[in-house]
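Residue numbering for the sequence shown follows this note's numbering, starting at 77 and increasing by one per position. Reviewing the structure listed below.
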Amino acid sequence: METVSFSKMEYGTAEEYAFLETLYTKCSHDLPDRVMGFLKQMQGDRLGYQIDRYDHSLQSATRAERDGADEETIVCALLHDIGDELAPLNHSEYAAAVLKPYVSEKTHWIVEKHGEFQMYYYAH
């Protein structure tokens, strides 16, 4: 089976939903590679800054690591701007939504609010 045959969810069979579950499981398993792909897409365009967002992300994660942060915080420092490409007006919320199933409530909140923090402290 390559696709399901139903056009309304209510018409799906148990076999079709089992088939979809295997695809969703693979999709979830491949998520880290896709997220890293989003990160790599941030190379090049500086958007007026001295470095691109990819280097900014690497610097953020490196600073967190050097500061002794835990692994979750380092990963979130690396990925905090992955929403820039698809959601430039709410990139913080986008990144937080992607990370939410994998991080603590506290870390999720930090990623979700980092754009507000940035504007409050640096947008003069």
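Just so you know, even glycine gets a beta-carbon here, dropped at the ideal spot from N, CA and C.
Excluding five sequence positions before and after V179, the CB atoms of its chain that fall closer than 7 Å to its own CB belong to E148, C152, given in chain order. Linking N166 to A94 through their CA atoms gives a straight-line distance of about 35 Å.
Assignment of V179 by DSSP, reduced to helix, strand and coil, places it in the coil class. Contact between A137 and I150 holds, since their C-beta atoms are separated by about 5 Å, short of 8 Å. Around the CB of I158, 16 or more other CB atoms lie within 10 Å, so the residue is classed as buried.
For the pair Y125 and Q119, the Cα-to-Cα distance works out to about 12 Å. The straight-line gap separating the alpha-carbon atoms of T79 and M112 is approximately 28 Å. DSSP, reduced to helix, strand and coil, places I158 outside both helices and strands of the structure shown, so it counts as coil.
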